[in-house]
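All remarks here apply to the structure that follows.
Protein chains in written order, with this note's numbering: chain C, 1 to 103; chain B, 1001 to 1262; chain D, 2001 to 2206; chain P, 3001 to 3157.
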């Protein structure tokens, strides 16, 4: 099971800036191990961000998003204390959701 | 001829300058989100959780400022610990606490000193990330007052200049002069205060090339691998001596890790 | 570690001044070597004999960070000059294309490397060589246009071969590995590197 | 992504191709793509094929797509920061494509109303390559590109 994400949500003027770090291998499926066997692809495929339940960003990712992914975006609105939730699903079907409040 | 040479020299200087600028921009762009935070969070969890056969948390571990005190502790390490009668760097001390307080064997405690960038993760790397993060902004203040610290420093200095192996390399081959680089990587001159400060205060670091949080012991271990030396043992006196040499040379600078590096 | 050393120093120092006296430089060096021997372990192709110094390494360690006395420098250069073996077939330059590959290759002799190879010179780690490769180091001087500026002569090729074979013969305590003397590169590989530096067709000279 | 669009993806090219790939043995069991993941687009090897798989056609060059805090040279290809801002009105999605990667498409972001058409992330690049920022706005596709050099770093071993 992956570690919790690090989510930072900050009010900047009338917008909320969200920065997320996720712990994930993002294995490409192109690499070989020491024995020459291909290491199967293992990567986050979809990411969803919600603000108090409303979707503010969705993403589809391929294998070439960097390991331990970073994502930053901004949306209009938000107030201190509002909930930001991020969810990812990977190609193994593993899923992780974490929350932060807007600071 | 003279004009042509000048033109060549100028274009070379330009090429170097623009490459360096572009690399500086790359490094700047990375600062915004440092995955080292993921290790810090995991390390904090490990620090606070009762572990080992004795079910003791690291809150019993004295890093030099009292049991469980983490804030600012790393900025004064390595240091002499009377309970162990030995000079220890952070990682040696973590191992000591795991063995003496949590009840692990030395072998168990040092089984995974470094992660493999994949499934094999190192608790020691995570713990180190957490502890050093608690010294962010604290000026380095390593003391050589204890005679064993003086000895360690003197030994570390000799090891720094020790040439050996198939390639005649010493630490000083790459880190003994100002403003040099290997490929495109700037090499800090670790014999100067400024160079040691810049380098030492930014380790441990998240290495993007490996997708791993890397500690000071790892840094030394991998430098020696590339020096074509045999393998530096984890928690060894040579590792502690070199760390003492570098940490003391970095005194005065605010600690700034864990950083993010290529 | 140095409980033993400290005890020795103290025993000696107590007789004289108490235990605050600094040990001699030689004593520290001896102890540092002992601590290193205990702190490393053999792995892969790198065994503990890699820590044993030859005379050149020993002298260059002693004088590291200090001015190298002229007589010591001469002694080092003379001893190393005597080690250089030029190719028996008299041909000093090989194929610059292979030379470029050797210059780019950083592997070889590390405990993590396959002992069967490849082994490179990793020249770009320290030198600028061609206009095309931006990722080059500056520990050594730029070798861009090496042949063009020095002339495409046998003399240039002989110097280049000797320098790659054993750099200590020309500059005592140079940072450059002794590629031939220490068996890092083969004779053919050194010839190829010489070609990279001195062939008019090589990108080094464009 | 709203439900109707996800529905469209599921019934559109995505799942059909996924089924085909699975049938052809390209995908191992258990590797079923996450819901809403456009397999076809991520398996494409050209800009045009990717746009087609995403449901569009030939994108127009645009100066209103800007790379922000995106370096010209990456010190390491394993992590290359990419920031993209679209100044095209009604921007609905932003995608990142890397020309010389084995599969071109790296990421697609859907931008609901209220979210800035600006984001940053990090990608892997196998070698020096053009990077495309592909924007869908008001149903049309636009593109901008930038070359990023990937350098060999470190001590080489």
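Ideal Cβ placement from N, Cα and C applies to all residues, glycine included.
Does residue 3073 of chain P have its Cβ less than 9 Å from a Cβ in chain D? By one-based count along the fourth chain, residue 3073 of chain P stands at place 73. Yes, contact with chain D.
From the DSSP secondary-structure annotation, give me the bridge partner or partners of residue 1177 of chain B. Position 177 of the second chain holds residue 1177 of chain B. Its beta-bridge partners do not exist; DSSP assigns none.
Could you work out which residue in B:1065, B:1128, B:1058, B:1074 is closest to residue 1139 of chain B when comparing CA atoms only? Numbered from its first residue, the second chain carries residue 1139 of chain B at position 139. Cα-wise, what sits closest to residue 1139 of chain B is B:1074.
I'd like to know if residue 958 of chain B contacts chain C, where contact means its C-beta is closer than 9 Å to some C-beta of that chain. Since the first and last residues shown for chain B are 1001 and 1262, residue 958 of chain B lies out of range.
Listed in chain order, which residues of the stretch 3072 to 3105 of chain P have Cβ atoms closer than 7 Å to some Cβ of chain B? 3072, 3073, 3074, 3075, 3076, 3078, 3079, 3081
What are the partner residues of residue 1062 of chain B, as DSSP defines its beta bridges? For the purposes of this step, residue 1062 of chain B is taken as the residue at position 62 of the second chain. B:1067.
If residue 1033 of chain B and residue 19 of chain C are in contact, beta carbons under 8 Å, what's the gap, nearest whole angstrom? On the second chain, residue 1033 of chain B is found 33 positions in, with the first residue counted as 1. On the first chain, residue 19 of chain C is found 19 positions in, with the first residue counted as 1. Correct: roughly 6 Å between the Cβ atoms.
Between B:1175, B:1154, B:1219, which lies nearest to residue 2024 of chain D when the distance is taken from Cα to Cα? In the third chain, counting from the first residue as 1, residue 2024 of chain D sits at position 24. Cα-wise, what sits closest to residue 2024 of chain D is B:1154.
From this set, C:34, C:87, C:22, which residue's C-alpha is nearest residue 57 of chain C's C-alpha? Along the first chain, one-based indexing puts residue 57 of chain C at 57. Comparing Cα-Cα distances from residue 57 of chain C to each of C:34, C:87, C:22, the minimum goes to C:87.
Looking only at its own chain, which residues have a Cβ that is under 6 Å from the Cβ of residue 1079 of chain B, when we skip the five neighbours before and after it? On the second chain, residue 1079 of chain B is found 79 positions in, with the first residue counted as 1. Counting only Cβ-Cβ distances below 6 Å, and skipping sequence neighbours, we find 1064.
Sorted by chain position, which residues of the same chain lie with C-beta nearer than 7 Å to residue 1046 of chain B's C-beta, five sequence neighbours on each side aside? Residue numbering aside, residue 1046 of chain B sits at position 46 when the second chain is read from its first letter. So the qualifying residues of the chain are 1123, 1126, 1127.
Within its chain, find whatever has a CB closer than 7 Å to the CB of residue 2187 of chain D; leave out the 5 residues flanking it on each side and keep chain order. Taking the first residue of the third chain as 1, we reach residue 2187 of chain D at position 187. Here the set comprises 2087.
Excluding the 5 residues preceding and the 5 following residue 2103 of chain D in the sequence, name in chain order all residues of the same chain whose CB lies nearer than 7 Å to its CB. Here residue 2103 of chain D refers to the residue found at position 103 when the third chain is read from its first residue. Result list for residue 2103 of chain D: 2121, 2123, 2124, 2129, 2193, 2196, in chain order.
Taking all protein chains shown into account, decide if residue 1110 of chain B is buried (16 or more other Cβ within 10 angstroms of its Cβ) or exposed. Against the second chain, residue 1110 of chain B aligns to sequence position 110. Answer is buried; the Cβ neighbour count reaches 16.
Extent of the continuous beta strand (DSSP E) to which residue 1153 of chain B belongs: For the purposes of this step, residue 1153 of chain B is identified with residue 153 of the second chain, where counting begins at 1. Looking at the DSSP string, residue 1153 of chain B is not in any beta strand (DSSP E); the run it does join, the alpha helix (DSSP H), is 1147 to 1160.
Contacting residues, own chain, Cβ-Cβ under 8 Å from residue 1159 of chain B (five flanking each side not counted): Here the question's residue 1159 of chain B lines up with position 159 in the second chain. 1171, 1238, 1241, 1242, 1245.
What is the DSSP secondary structure of residue 1190 of chain B, counted as helix, strand or coil? As a position in the second chain, residue 1190 of chain B is number 190, starting the count at 1. Note: residue 1190 of chain B maps to coil in three-state DSSP.
Just confirm the distance between the C-beta atoms of residue 1255 of chain B and residue 1035 of chain B, as a whole number of angstroms; I'd bet it's less than 8 Å. Translated into positions along the second chain, residue 1255 of chain B becomes position 255. Translated into positions along the second chain, residue 1035 of chain B becomes position 35. With 8 Å as the limit, residue 1255 of chain B and residue 1035 of chain B do not qualify as a contact, their Cβ atoms being about 19 Å apart.
Within the 9 Å Cβ cut-off, does residue 2231 of chain D reach chain B? Examination of residue 2231 of chain D is not possible in this model, given that chain D is present from 2001 through 2206 alone.
Can you give, in chain order, each stretch of the alpha helix (DSSP H) that sits fully within the stretch 2101 to 2187 of chain D and has at least 4 residues? 2146 to 2150, 2154 to 2165
Taking a Cβ distance cut-off of 7 Å, strictly less, list which residues of the stretch 3109 to 3124 of chain P are near chain B, in chain order. none
Of all the residues that make up the stretch 1173 to 1203 of chain B, which are near chain D by a beta-carbon distance shorter than 9 Å? 1173, 1174, 1176, 1177, 1179, 1180, 1181, 1182, 1183, 1184, 1185, 1187, 1191
Does any C-beta atom of chain P lie closer than 9 Å to the C-beta of residue 2143 of chain D? Start at 1 with the first residue of the third chain, and residue 2143 of chain D comes out as number 143. Not closer than 9 Å to any Cβ of chain P, the Cβ of residue 2143 of chain D fails to qualify, so no.
Could you give the residue range of the beta strand (DSSP E) that holds residue 3080 of chain P? Position 80 of the fourth chain holds residue 3080 of chain P. First-last of the beta strand (DSSP E) with residue 3080 of chain P: 3080 to 3086.
In whole angstroms, give me the CA-to-CA distance for residue 1134 of chain B and residue 1037 of chain B. In the second chain, counting from the first residue as 1, residue 1134 of chain B sits at position 134. In the second chain, counting from the first residue as 1, residue 1037 of chain B sits at position 37. Using only the alpha carbons, I get a separation of about 12 Å.
Between the alpha carbons of residue 1228 of chain B and residue 2180 of chain D, how many angstroms are there, rounded? Stepping through the second chain from its first residue, residue 1228 of chain B is reached at position 228. Stepping through the third chain from its first residue, residue 2180 of chain D is reached at position 180. Distance between the alpha carbons of residue 1228 of chain B and residue 2180 of chain D is about 16 Å.
Name the DSSP beta bridge partners of residue 3149 of chain P, please? In the fourth chain, the residue the question calls residue 3149 of chain P occupies position 149. Bridge partners of residue 3149 of chain P: P:3073.
Which class does residue 1310 of chain B belong to by DSSP, given the choice of helix, strand or coil? This structure gives no information on residue 1310 of chain B, because the portion of chain B shown stretches from 1001 to 1262.
Quick check on residue 1230 of chain B: does DSSP put it in helix, strand or coil? Along the second chain, read from residue 1 onward, the residue named residue 1230 of chain B stands at position 230. Coil at residue 1230 of chain B, not helix or strand.
Can you give the Cα-Cα distance for residue 68 of chain C and residue 2053 of chain D, rounded to whole angstroms? Mapped onto the first chain, residue 68 of chain C falls at position 68. Mapped onto the third chain, residue 2053 of chain D falls at position 53. Spanning the two alpha carbons is a distance of roughly 43 Å.
Contacts around residue 38 of chain C, its chain only, beta-carbon distance under 6 Å, and the 5 residues preceding and following it disregarded: The residue labelled residue 38 of chain C in the question sits at position 38 within the first chain. If we look at residue 38 of chain C and ignore the five residues flanking it on each side, its Cβ neighbours are 32.
Which residue's Cα is closest to the Cα of residue 1114 of chain B: B:1212, B:1230, B:1174? As a position in the second chain, residue 1114 of chain B is number 114, starting the count at 1. The option with the nearest alpha carbon to residue 1114 of chain B is B:1212.
At what residues does the beta strand (DSSP E) containing residue 3134 of chain P begin and finish? Counting from 1 along the fourth chain, the entry for residue 3134 of chain P is found at position 134. Segment 3129 to 3137, the beta strand (DSSP E) holding residue 3134 of chain P.
Against residue 3036 of chain P, what residues of chain C qualify as contacts under a CB-to-CB distance less than 9 Å, listed in chain order? Working through the fourth chain from its first residue, we reach residue 3036 of chain P at position 36. Chain C residues near residue 3036 of chain P: 45, 46, 48, 58, 60, 89.
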